[in-house]
Amino acid sequence: MAKVGGVVAAGFLGLSGLIWFVNLPYPMIRRPVAGIAPMLLLPSYLSMDRNYREAIAHVEQADQLVNQATSAADIGLGAEKVKLAQENLDQLPVWFLGYEPVRMCHFMGCSWNFTFDEFSRARAQVGRMNARIFQENNALTQLQTAETDLQKAKQAYQTATNVSQQQNAIADWQTALDQLTVLPRETLAGTTGATKYRNYERDFNRVVGSVAGSNQTQTMIAAAQQFAALATQNSQKSAYTVTEWQQIETLWSNAIDRLQKVDSTDPDYLAAQSYLADYTQKLGVVKTRLETEEKSTLAIAEAKRQTQELISSLPSKPNPDERNRLISRLQGIIDQLKQVQPNTTVYAEAQTLLKQAQSKLSQL
């Protein structure tokens with residue numbers, strides 16, 4: 005009897021060892037077994053099924069927490085869910101896609117029967133949420149730093165014993181307030197900071213009074229002038245790319261945004277309005293140049309596309325009808341190139357292509 009029990013135990017251990025071996029996460033082991041004896045891979049299938057279900061659940065939970073966060077705790081919990089989703093996805097053997105046991109899945113309804121595209125989308129979504137969490141955490145850190153600096157400056161102002169100390173405290177206080185205005189608006193910290201900024205600014209104006217208000221206005225005007233100077237410095241060439249014009253446009257917009265914050269009751273209001281009128285006019289010029297660059301870039305791109313189509317369909321010996329069609333299409337390319345305006349980055353290239361097209365047209 006003992007021998008029989010020993011044999012059974014040995015057989016059980018042997019079977020357990022076999023199942024353990026064939027379920028090792030190596031394609032060279034699992035793939036042949038999946039085609040011959042898929043039942044032996046049942047532990048792997050169950051693990052895959054569980055990880056796939058949990059990955060989907062964690063991704064959905066993380067999406068809700070991260071993209072609809074109302075507190076830092078939501079961001080932290082969302083980060084945990086993203087990490088769990090990543091761990092679940094890491095447990096799914098991508099090499100196994102296309103080798104799943106079709107017959108077994110027919111009876112068991114495998115929920116992990118997915119494609120490479122679905123797997124890639126899930127990973128991409130996790131990646132986007134990781135980037136969003138990184139941005140949110142950075143913004144929260146900036147918000148906390150700004151609030152800490154603000155409280156320190158406020159305390160320094162209240163304990164100042166002379167005018168110099170008060171002025172230094174006011175400057176630090178204003179710097180902390182400015183930090184709240186540069187938080188990314190699409191983040192939780194940006195939304196929270198915008199609300200807190202109004203309260204902090206009201207407290208700042210109440211405590212510091214008109215002197216601080218005047219200093220704040222001067223700071224705003226100085227900041228606007230810095231943005232304007234940089235925009236002017238970056239506008240010296242006759243032509244810029246679309247991206248470069250957009251950057252210049254942003255600089256002018258930032259300068260205007262700061263001037264628009266100057267209150268009409270402030271002593272420096274008229275000076276701010278003078279700068280505002282000048283900067284608004286220059287922003288209009290930049291917008292026009294940007295639009296011209298965009299249209300010219302699109303025009304030459306379309307001309308190149310039509311040229312490639314014409315070359316690919318060009319007959320070796322065109323008959324009269326084909327010759328007329330070639331003339332018509334070539335004229336269309338010429339008209340497209342004529343839309344490219346001077347003082348754009350693509351004008352010189354467009355002129356070269358235009359001469360070539362006109363020369364070819366004259367030959368026809």
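When we follow my numbering, the leftmost residue of the sequence shown carries the number 5, and every step to the right adds one.
Cβ atoms here follow ideal geometry from the backbone N, Cα and C, with glycine treated the same way.
- Residue from K359, K241, Q162, A198 with nearest C-alpha to D2: Residue 2 falls outside the range modelled here, since the chain spans only 5 to 368, and no answer is possible.
Beta-carbon proximity list for T245, same chain, < 6 Å, skipping 5 on both sides
Stepping through the sequence shown from its first residue, residue 245 is reached at position 241. So the qualifying residues of the chain are T349.
Worksheet item: By how many angstroms is the C-alpha of G80 removed from the C-alpha of Q95?
Response: For this step, residue 95 is matched to residue 91 along the sequence shown. For this step, residue 80 is matched to residue 76 along the sequence shown. Taking the straight line from one Cα to the other gives about 23 Å.
Notebook entry, point to check: So what does DSSP say about V344, is it helix, strand or coil?
Noted result: Counting from 1 along the sequence shown, the entry for residue 344 is found at position 340. In the structure shown, V344 falls within a coil segment according to DSSP collapsed to helix, strand and coil.
Assign F25 to one of three DSSP states: helix, strand, or coil.
Along the sequence shown, read from residue 1 onward, the residue named residue 25 stands at position 21. Since pLDDT at F25 reaches only 48, below the 50 mark, its modelled position is unreliable, and the value read off the structure follows with that caveat. Three-state result, F25: helix.
* By how many angstroms is the C-alpha of A143 removed from the C-alpha of A305? -> Counting from 1 along the sequence shown, the entry for residue 305 is found at position 301. Counting from 1 along the sequence shown, the entry for residue 143 is found at position 139. Using only the alpha carbons, I get a separation of about 39 Å.
Exercise for review: Using three-state DSSP, classify A73 as helix, strand or coil.
Suggested key: Counting from one through the sequence shown, the residue named residue 73 turns up at place 69. Reduced to three states, the DSSP call for A73 is coil.
Separation of V63 from K85, as counted between CA atoms: Stepping through the sequence shown from its first residue, residue 85 is reached at position 81. Stepping through the sequence shown from its first residue, residue 63 is reached at position 59. Rounded to whole angstroms, the separation of the alpha carbons of V63 and K85 is 7 Å.
Next on the checklist: Classify I315: buried if its beta carbon has 16 or more other beta carbons within 10 angstroms, exposed otherwise.
Outcome noted: Within the sequence shown, residue 315 is the residue found at index 311, counting from 1. By the neighbour-count rule (16 or more Cβ atoms within 10 Å), I315 is not buried but exposed.
*asked:* Here's the rule I'm using: 16 or more other beta-carbon atoms within 10 Å means buried, otherwise exposed. How should V186 be labelled?
replied: The residue labelled residue 186 in the question sits at position 182 within the sequence shown. V186 counts as exposed, since fewer than 16 other beta carbons sit within 10 angstroms of its beta carbon.
Checklist entry - Would you call the stretch 282-292 and the stretch 250-260 in contact, with 3 or more CB pairs under 8 Å? => result Contact between the stretch 282-292 and the stretch 250-260 is established, with three or more Cβ pairs separated by less than 8 Å.
Would you identify the three-state DSSP class for L365, choosing helix, strand or coil? On the sequence shown, residue 365 is found 361 positions in, with the first residue counted as 1. In the structure shown, L365 falls within a helical segment according to DSSP collapsed to helix, strand and coil.
Original post:
How long is the line joining the alpha carbons of Q229 and S332, rounded to whole angstroms?
Top reply: Here the question's residue 229 lines up with position 225 in the sequence shown. Here the question's residue 332 lines up with position 328 in the sequence shown. Taking the straight line from one Cα to the other gives about 53 Å.
**Study point:** Among A354, N55, Q139, A276, the one whose alpha carbon lies nearest that of R189
**Key:** To locate residue 189, count along the sequence shown from 1; it is residue 185. The shortest C-alpha to C-alpha distance from R189 to any of A354, N55, Q139, A276 is the one to Q139.
Q: Give the secondary structure of K282 by DSSP, where H, G and I count as helix, E and B as strand, and everything else as coil.
A: Reading the sequence shown from its first residue, position 278 is the one you call residue 282. At residue 282 the sequence reads Asp, which differs from the Lys that was named. Correct three-state label for D282: helix.
Distance, Cα to Cα, S75 vs L69? One-based indexing of the sequence shown puts residue 75 at position 71. One-based indexing of the sequence shown puts residue 69 at position 65. Answer to the nearest angstrom: the Cα atoms are 10 Å apart.
**Study point:** Burial state of N92, where buried means 16 or more other Cβ atoms lie within 10 Å
**Key:** As a first step, residue 92 must be located in the sequence shown, where it is residue number 88. Classification of N92: buried, given that the 10 Å Cβ count is 16 or more.
Quiz item: Got a sec? Which residues, its chain only, sit under 7 Å from Q340 by beta carbon, not counting five neighbours each side?
Solution: Your numbering for residue 340 matches position 336 in the sequence shown. Closer than 7 Å at Cβ, skipping near neighbours: A303, E306, A307, Q310.
- request: Just confirm the distance between the C-beta atoms of A338 and L365, as a whole number of angstroms; I'd bet it's less than 8 Å.
  value: Taking the sequence shown and counting its residues from 1, one reaches residue 338 at position 334. Taking the sequence shown and counting its residues from 1, one reaches residue 365 at position 361. Sequence inspection shows Ile at residue 338; the Ala mentioned does not correspond to that position. Taking C-beta atoms under 8 Å as the contact rule, I338 and L365 qualify, at a distance of about 7 Å.
So, using beta-carbon positions, are L192 and A73 closer together than 7 Å? Along the sequence shown, one-based indexing puts residue 192 at 188. Along the sequence shown, one-based indexing puts residue 73 at 69. Yes, the Cβ-Cβ distance between L192 and A73 is below 7 Å.
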